[in-house]
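The block underneath contains the structure these notes are about, expressed in structure tokens.
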Amino acid sequence: MAAEQQTSRFKRRKMVPADDVDRKNPYLAHMYNDNESQHDSGVSLSDAASLNGHPNGNGSNGSAMKRHATTMKQAQTAEDGPHNYFKPAAQLSDRYFGILKTRRGLPVHAQRQEFLDMYQKTQILVFVGETGSGKTTQIPQFVLFDDLPQSQAKMVACTQPRRVAAMSVAQRVAQEMDVTLGEEVGYSIRFEDMTSPKTILKYMTDGMLLREAMNDHNLTRYSTIILDEAHERTLATDILMGLLKEVVTRRPDLKLIIMSATLDAQKFQKYFMNAPLLAVPGRTHPVEIFYTPEPERDYVEAALRTVLQIHATEPEGDILLFLTGEEEIEDACRKIRLESDDMIREADAGPLEVYPLYGSLPPAQQQKIFSAAPAPFKTGGRPGRKCIVSTNIAETSLTIDGIVYVVDPGFSKQKVYNPRIRVESLLVSPISKASAQQRAGRAGRTRPGKCFRLYTEGAFKKELIDQSYPEILRSNLASTVLELKKLGIDDLVHFDLMDPPAPETLMRALEELNYLACLDDEGELTALGKLASDFPLDPALAVMLISSPEFYCSNEILSLTSLLSVPQVFVRPAAARKRADEMKELFTHTDGDHLTMLNVYHAFKSPSAQDNPKQWCHDHFLSYRALQQADNVRLQLKRIMEREEVELVSTPFEDKKYYENIRRALVAGFFMQVAKRESSGKTYVTVKDEQSVLLHPSTVLGQDSEWVVYNEFVLTSKNYIRTVTAVKPEWLLEISPTYYNVEEFRKGEVKSSLMKVRDRANRRAAVAPAGRR
DNA sequence: GCTAAGATC
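When the count follows my numbering, it moves up by one through the first sequence with no breaks and lands on 2121 for the last residue.
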């Protein structure tokens, strides 16, 4: 059978099981050569009791524990109950003891004493724990029993890159500690603060901790801060690391734990003044890796072929295929379904259920990936299985049990930033070795699995970089620089980041903030800049919002800002493009996409739509989720505006300047994102950078607008500007004279055109009576 | 002729 042959084209390669790796792990050297026996005996209960008093003032159970001098034995005694150590009045439940037994079987538990020894000795600790080690749930609890934050009226914080992780881990740990979620154990994410004055352990997003740091530079509420998943190197984690590196010197009482997957632990150690490192093995099943002997020309085609081969020839087990984006995924799903139907008819294959998975999929659709694989057509027949075709959301954010086969073509969409043309865009790029490993690991969650890499072993070794570049090296840093200024970091150039961005990127950010008048010419934060940093928004959006009362439309700009900070509100399913476009026309404002979006929002908030908003959105091909989210953001921003006394005003809808005012306010924030149509008629050129661009095909704007502001630059098959609205050149000169200092423009169509406009305006001004202007 | 995913007092 052809499929059989093709499978054997994969070169077999045995992957070493995680445990073996760890035995040979040089980071673990310290485990085997020193004084671990000294703690083995532990402190006897009576010894412990003679130490300091119980921090709760209640020694009802466990032994008295001295802060930063406790032992594993003491903690375990306390955990063994019968009373809840952190809630002395409460008796521990049966469920608690059930979970406790499981917890004590986790790999981290075997090294609890070792962890305590290191934690007590050092201010900063790097902790490496692989998947399945239990680090995220257990380490914070180990810390609690030694740090005793309640005795200092402080908390232990544990950051996560994702909201869902912060929520679900907090939920789990509250159960493990037999407390109510939101009391002793809570979480804090945007739009939801699930903590109380009782809280001693708080899981939170890294962005949330960063926001807190802006108002409390020393993070005084915390006695220990744990940065989890630090290897993901999110922008917020990177900045927190730089910040905390300074905070620890100002606050000798603060302890810091950096938790990461193994790969670059030494880098963290080095960065944190050679902090000691503790490594704990994970618990996963071995995954066999296969490579293609030759490079594949068309990775999608190769991926489909591989999936079908697995279905035809491999034993029972579900398949996970990684592709790069929505359209590619939907297309692949369609093709796999077609082919598998043929296989069922012609080759007696088992049933195959195919599910797409990507972030913008409605939650109900996302949930489907967890449904059980289909049963064989008849008992004893060929196994049924499910195949999930996913973006890299399945690499870190979503874990699907039951996956035995992973197909990895080796690509993902990644953000790249080019400071020269100031364009952030998404490009399909090769993944890193670390990502490839993470993907392979998805096959070994429940039992031994196989991973088919659609590239050669040579390519894996030589062409893939070890780690993806951290986000800070791939982003426009305007909002980061503003945050750093607000964090009290004056000297950005010498701020010690783990991977300092290119000087050009920093310069661009400073320049942009200076044009936005958030920083003065000395680089100091202005009043506007301070105010802008209070909003969880990109600087351009924040400035637009803050300026909008001057244009009598802050209510409208508030709505628009919210809409621009959430995913696309227009839905356009491949099967109903025409109807979707017709529906969009109902909202179209011919002057631009911004105004069209605003029309959508107003319609959404109208009583007739609010009657059954979900249905209404469905009928009008709009994303209910996005609009709801926009509503949420709007409320949050509105509260900040009220607090900061930014006026909320509107131009009456009947006023003929209603839309014009909104368009002018757009210019106040986005004057740097303006393009002019070239005389040739089809293409546009961005001002100053002179990039040749096209209007994105989704725009409502015709080709008749000479000047437009755009919300984003997307670099896909061509250079597009997306979400565009027509503006008048005289507004540019009037609203942002510093940026539109025409003399400084490079010679060209933009310059000559703006000069004409300026001269016309000047003539008019000269003629007009002084009092009239 | 449209292409990620995660985050923000």
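For glycine and all other residues, C-beta sits at the position ideal for the given N, C-alpha and C.
| Are the Cβ atoms of Y1481 and G1630 separated by less than 8 angstroms? | Counting from 1 along the first sequence, the entry for residue 1481 is found at position 133. Counting from 1 along the first sequence, the entry for residue 1630 is found at position 282. Note that residue 1481 is Ser in the sequence shown, not Tyr. Inclusion of S1481 and G1630 in the CB contact set at 8 angstroms is warranted, their separation being smaller than that value.
| task | Go through the segment 1460 to 1503 residue by residue and report every complete run of the alpha helix (DSSP H) that reaches 4 residues or more, in order. | result | The qualifying runs are 1460 to 1469, 1483 to 1495.
| task | Could you give the DSSP three-state label for F1969: helix, strand or coil? | result | What you label residue 1969 is simply residue 621 of the first sequence in a count that begins at 1. In the structure shown, F1969 sits in coil (DSSP, three-state: anything other than H, G, I, E or B).
| P1704 bridges to which residues according to DSSP? | In the first sequence, the residue the question calls residue 1704 occupies position 356. In the DSSP output, where bridge partners are listed per residue, P1704 has V1737.
| Exposed or buried, what is V1841 when buried is set at 16 or more other beta-carbons lying within 10 Å of its beta-carbon? | The residue given as residue 1841 occupies position 493 in the first sequence. Exposed, by the Cβ-count rule.
| query | For H1659, which of helix, strand or coil comes out of DSSP? | reply | If you number the first sequence from 1, residue 1659 lands on position 311. Here H1659 sits in helix by DSSP.
| field | Uninterrupted alpha helix (DSSP H) stretches inside the segment 1774 to 1836 (no shorter than 4 residues) | value | Qualifying alpha helix (DSSP H) stretches, in chain order: 1781 to 1789, 1805 to 1810, 1826 to 1834.
| said: Using a 10 Å radius around the Cβ and a threshold of 16 neighbouring Cβ atoms, would you call F1539 buried or exposed? | reply: In the first sequence, counting from the first residue as 1, residue 1539 sits at position 191. Per the 10 Å Cβ criterion, exposed.
| message | Taking the straight line between their C-alpha atoms, what separation do you get for P1634 and I1751? | response | Walking along the first sequence from the start, residue 1634 turns up at place 286. Walking along the first sequence from the start, residue 1751 turns up at place 403. Taking the straight line from one Cα to the other gives about 13 angstroms.
| Beta-carbon proximity of F1493 to T1418, cut-off 8 angstroms | Here residue 1493 corresponds to residue number 145 of the first sequence, with the count starting at 1. Here residue 1418 corresponds to residue number 70 of the first sequence, with the count starting at 1. Against a cut-off of 8 angstroms, the Cβ pair of T1418 and F1493 comes out as a contact.
| field | G2050, buried or exposed, once every other Cβ within 10 Å from all chains shown has been counted against 16 | value | Position 702 of the first sequence, counting from 1, holds the residue named residue 2050. That one is exposed.
| Cβ-based neighbour list, G1390, same chain, cut-off 6 angstroms, excluding 5 preceding and 5 following | Walking along the first sequence from the start, residue 1390 turns up at place 42. Annotation note: pLDDT 35 at G1390 (below 50); position unreliable, coordinate value reported separately. Sequence-distant partners of G1390 (beyond 5 residues in either direction) whose C-beta falls short of 6 angstroms from its own C-beta, in its chain, are T1419, K1421.
| query | Can you name the residues that DSSP bridges to R2070? | reply | Taking the first sequence and counting its residues from 1, one reaches residue 2070 at position 722. Per DSSP, E2060.
| Grouping DSSP H, G and I as helix and E and B as strand, with all else coil, what is M1552? | As a first step, residue 1552 must be located in the first sequence, where it is residue number 204. M1552 falls in the strand class under three-state DSSP.
| said: By the three-class DSSP mapping on this structure, what secondary structure does R2025 have? | reply: By one-based count along the first sequence, residue 2025 stands at place 677. Here R2025 carries a strand assignment [DSSP, helix/strand/coil].
| query | When the Cα of D1465 is compared with those of D1495, E1860, K1615, which residue comes out closest? | reply | Here residue 1465 corresponds to residue number 117 of the first sequence, with the count starting at 1. The shortest Cα separation from D1465 among D1495, E1860, K1615 belongs to D1495.
| query | In the structure shown, what three-state DSSP assignment does G1390 receive? | reply | Taking the first sequence and counting its residues from 1, one reaches residue 1390 at position 42. Residue confidence is low: G1390 scores 35 on pLDDT, short of 50, so the model does not pin down where it sits. No coordinate-derived value is stated.
| field | Terminal residues of the alpha helix (DSSP H) in which F1616 lies | value | Residue 1616 sits at position 268 when you count from the first residue of the first sequence. That run of the alpha helix (DSSP H) goes 1613 to 1619.
| request: In the DSSP assignment, find the alpha helix (DSSP H) that holds M2103 and state where it starts and stops. | output: Translated into positions along the first sequence, residue 2103 becomes position 755. First-last of the alpha helix (DSSP H) with M2103: 2097 to 2115.
| message | Considering only their Cβ atoms, is the gap separating Y1467 from G1491 smaller than 8 angstroms? | response | On the first sequence, residue 1491 is found 143 positions in, with the first residue counted as 1. On the first sequence, residue 1467 is found 119 positions in, with the first residue counted as 1. Correcting the residue identity first, residue 1491 is Val in this sequence and not Gly. Contact check for V1491 against Y1467 passes: the beta carbons are separated by less than 8 angstroms.
| field | Distance CB(P2077)-CB(S2040) smaller than 8 angstroms | value | For the purposes of this step, residue 2077 is identified with residue 729 of the first sequence, where counting begins at 1. For the purposes of this step, residue 2040 is identified with residue 692 of the first sequence, where counting begins at 1. Not a contact, by the Cβ cut-off of 8 angstroms.
| request: Let me know if G1801 comes out buried or exposed under the rule of 16 or more other beta-carbons within 10 Å of its beta-carbon. | output: The residue you call residue 1801 lines up with position 453 of the first sequence. What sits at residue 1801 in the sequence shown is Arg, not Gly. Within a 10 Å sphere around the beta-carbon of R1801 sit 16 or more other beta-carbons, which makes this residue buried.
| task | Give me the Cα-Cα distance between A1377 and A1627, rounded to the nearest whole angstrom. | result | On the first sequence, position 29 is the one that residue 1377 refers to. On the first sequence, position 279 is the one that residue 1627 refers to. Residue confidence for A1377 is low, a pLDDT of 32 falling below 50, so the modelled location carries little weight and cannot support an answer.
| said: What would DSSP say about A1561, mapped onto helix, strand or coil? | reply: Along the first sequence, one-based indexing puts residue 1561 at 213. Helix.
| request: Report, in whole angstroms, the separation of the C-beta atoms of A2016 and F1899, which I expect to be a contact under 8 angstroms. | output: As a working note, residue 2016 is residue 668 in the first sequence. As a working note, residue 1899 is residue 551 in the first sequence. Indeed, because the Cβ distance is near 7 angstroms, the residues count as touching under 8 angstroms.
| request: Tell me the start and end of each unbroken alpha helix (DSSP H) in the segment 1411 to 1459 that is at least 4 residues and wholly inside, in chain order. | output: Counting only runs of 4 or more, we get 1420 to 1427, 1442 to 1451.
| message | For K1603, list the residues DSSP reports as bridge partners. | response | Reading the first sequence from its first residue, position 255 is the one you call residue 1603. Among the bridge pairs identified by DSSP, K1603 is matched with T1572.
| query | What do you reckon, are the CB atoms on A2114 and L2081 nearer than 8 angstroms? | reply | Indexing the first sequence from 1 puts residue 2114 at position 766. Indexing the first sequence from 1 puts residue 2081 at position 733. Between A2114 and L2081, the C-beta spacing is not below 8 angstroms.
| said: Less than 6 angstroms between C-beta atoms, sequence neighbours within five positions excluded: which residues of the same chain meet that for K1834? | reply: Within the first sequence, residue 1834 is the residue found at index 486, counting from 1. Here the set comprises M1562, S1881.
| message | Could you tell me which whole beta strand (DSSP E) segments of length 3 or greater appear in the segment 1855 to 1930? | response | Those beta strand (DSSP E) runs which fall completely within the segment 1855 to 1930 and span 3+ residues do not exist here.
| message | Check for me: the alpha helix (DSSP H) holding S2084 runs from which residue to which? | response | As a first step, residue 2084 is located in the first sequence; it is residue number 736 there, counting from the start. That residue, S2084, is in no alpha helix (DSSP H); it is neither H nor E in DSSP.
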